[in-house]
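J.: Residue 109 in numbering that gives the first Met the number 0 is what sits at position 110 of the sequence shown, and the numbering runs on without skipping anything. Ideal Cβ placement from N, Cα and C applies to all residues, glycine included. None of the values given here were measured: they were computed from a predicted structure.
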Amino acid sequence: MHALLRPLFAFFLHIGGFGLVILGVLDSSFFFLPFGNDLLLVVLVARHHGYLPLYVLAASLGSATGVLLLDLVCRKGGEEGLKKMVSARRINYLKKKMSQSAAVPLIVACLAPPPFPFTAVIAAASAFQYPKMRLLAYVLGTRAVRFTLIGLAAMTFGRRILRIANSPQFIWFIVGFSTLCIVGSALSILRWVRLSRSR
Numbered sequence: 000m001h002a003l004l005r006p007l008f009a010f011f012l013h014i015g016g017f018g019l020v021i022l023g024v025l026d027s028s029f030f031f032l033p034f035g036n037d038l039l040l041v042v043l044v045a046r047h048h049g050y051l052p053l054y055v056l057a058a059s060l061g062s063a064t065g066v067l068l069l070d071l072v073c074r075k076g077g078e079e080g081l082k083k084m085v086s087a088r089r090i091n092y093l094k095k096k097m098s099q100s101a102a103v104p105l106i107v108a109c110l111a112p113p114p115f116p117f118t119a120v121i122a123a124a125s126a127f128q129y130p131k132m133r134l135l136a137y138v139l140g141t142r143a144v145r146f147t148l149i150g151l152a153a154m155t156f157g158r159r160i161l162r163i164a165n166s167p168q169f170i171w172f173i174v175g176f177s178t179l180c181i182v183g184s185a186l187s188i189l190r191w192v193r194l195s196r197s198r
């Protein structure tokens with residue numbers, strides 16, 4: 000596993016901004032990749048401070064594209080489809096929050112780190128027919144703020160981050176983290192396949 004994942008992480012580092020777009024799409028749609036884009040952004044910015052605006056744009060566009068894919072499925076399924084992926088208690092809570100002001104839970108979901116239920120909030124907004132363009136605008140804008148803050152932190156602590164990134168402990172952390180993401184993604188995809196079949 001170590002021999003497979005280390006070159007994979009190196010590949011995403013090598014393609015830079017495109018790697019952020021790809022991970023952003025995957026993480027914000029049907030895959031389970033918590034902190035994947037954040038980690039890649041941190042290492043990229045720590046290496047190349049001057050590319051911070053480009054990296055922020057790439058990560059934000061990737062995230063918005065992933066949300067668009069998620070929206071296509073959840074908007075079509077509506078509230079009935081949402082009931083098959085989220086508990087009734089959480090649906091009621093989200094419905095109440097969305098009816099008061101949908102902007103607040105959307106902004107919090109886009110800014111907050113895992114384990115905040117980002118996917119559940121986006122799915123609820125789409126299922127309750129929140130305007131698509133407004134949803135994408137919130138995601139793009141607030142994700143840009145989040146990634147900018149992460150990038151500025153990477154610039155401040157860049158040398159320390161690079162030392163950590165080159166350590167054996169970090170490599171093993173990436174191996175364990177990637178294994179968790181693979182299992183989580185498989186379960187997430189299985190859930191979405193079952194949901195589409197049930198329709």
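Go ahead and label Gly77 buried or exposed: buried means 16 or more other beta carbons lie within 10 angstroms of its beta carbon, across all protein chains shown.
T.: Your numbering for residue 77 matches position 78 in the sequence shown. That one is exposed.
J.: Could you tell me which whole beta strand (DSSP E) segments of length 3 or greater appear in the stretch 107–169?
T.: Entirely contained in the stretch 107–169, not one beta strand (DSSP E) run reaches 3 residues.
J.: Are there 16 or more other CB atoms within 10 angstroms of the CB of Ser100, so buried, or fewer, so exposed?
T.: Looking up residue 100 in the sequence shown gives position 101. So Ser100 ends up on the exposed side.
J.: Helix, strand or coil for Ala101 per DSSP?
T.: Locating residue 101 in the sequence shown gives position 102, counting from the first residue. Three-state DSSP puts Ala101 in coil, outside helix and strand.
J.: Note down the Cα distance separating Tyr146 from Ser59, rounded to an integer number of angstroms.
T.: If you number the sequence shown from 1, residue 146 lands on position 147. If you number the sequence shown from 1, residue 59 lands on position 60. According to the sequence displayed, residue 146 carries Phe and not Tyr. Approximately 7 Å between the Cα atoms of the pair.
J.: Less than 7 Å separating the beta-carbons of Ala111 and Val41?
T.: As a first step, residue 111 must be located in the sequence shown, where it is residue number 112. As a first step, residue 41 must be located in the sequence shown, where it is residue number 42. No, Cβ-Cβ distance for Ala111 and Val41 is not below 7 Å.
J.: Compare the Cα-Cα distances from Leu69 to each of Arg158, Ala122, Ala143 and Val144 and report the closest residue.
T.: As a working mapping, residue 69 is identified with position 70 in the sequence shown. When only C-alpha atoms are compared, the closest one is Ala122.
J.: Counting beta carbon pairs with one atom in the stretch 87–100 and one in the stretch 46–54, are three or more of them shorter than 8 Å?
T.: Short answer: they don't touch.
J.: Here's the rule: buried if 16 or more other CB atoms are within 10 angstroms of the residue's CB, otherwise exposed. What is Ala119?
T.: Start at 1 with the first residue of the sequence shown, and residue 119 comes out as number 120. Buried, because 16 or more other Cβ atoms sit within 10 Å of the Cβ of Ala119.
J.: Which two residues bound the contiguous alpha helix (DSSP H) that contains Tyr54?
T.: On the sequence shown, position 55 is the one that residue 54 refers to. Run containing Tyr54: Leu51 to Lys82, per the alpha helix (DSSP H) assignment.
J.: Taking only three categories from DSSP, how would you classify Gly18?
T.: Taking the first residue of the sequence shown as position 1, residue 18 is located at position 19. Helix.
J.: Nearest CA to the CA of Val66: which residue from Leu151, Phe8, Ser166 and Thr141?
T.: Your numbering for residue 66 matches position 67 in the sequence shown. Taking only the C-alpha atoms, the option nearest Val66 is Thr141.
J.: Distance check for Arg162 and Arg74, CA to CA, integer angstroms please.
T.: Position 75 of the sequence shown, counted from the first residue, corresponds to residue 74. Position 163 of the sequence shown, counted from the first residue, corresponds to residue 162. Taking the straight line joining both Cα atoms gives about 45 Å.
J.: Run the CB neighbour count on Thr64, radius 10 Å, all protein chains shown included, and call it buried at 16 or more, exposed below.
T.: Here residue 64 corresponds to residue number 65 of the sequence shown, with the count starting at 1. With 16 or more other Cβ atoms within 10 Å, it is buried.
J.: In three-state terms, what does DSSP make of Ser86?
T.: Indexing the sequence shown from 1 puts residue 86 at position 87. In this structure, Ser86 counts as coil in the three-state DSSP scheme.
J.: CA-CA distance, Val24 and Gly18?
T.: Here residue 24 corresponds to residue number 25 of the sequence shown, with the count starting at 1. Here residue 18 corresponds to residue number 19 of the sequence shown, with the count starting at 1. Computed Cα separation, rounded: 10 Å.
J.: I need the straight-line Cα distance from Ser62 to Phe11, nearest angstrom please.
T.: On the sequence shown, position 63 is the one that residue 62 refers to. On the sequence shown, position 12 is the one that residue 11 refers to. So the two alpha carbons sit approximately 16 Å from each other.
J.: Apply the 10 Å Cβ neighbour rule to Ala9 and answer buried if 16 or more other Cβ atoms are within range, or exposed otherwise.
T.: Along the sequence shown, read from residue 1 onward, the residue named residue 9 stands at position 10. Label assigned to Ala9: exposed.
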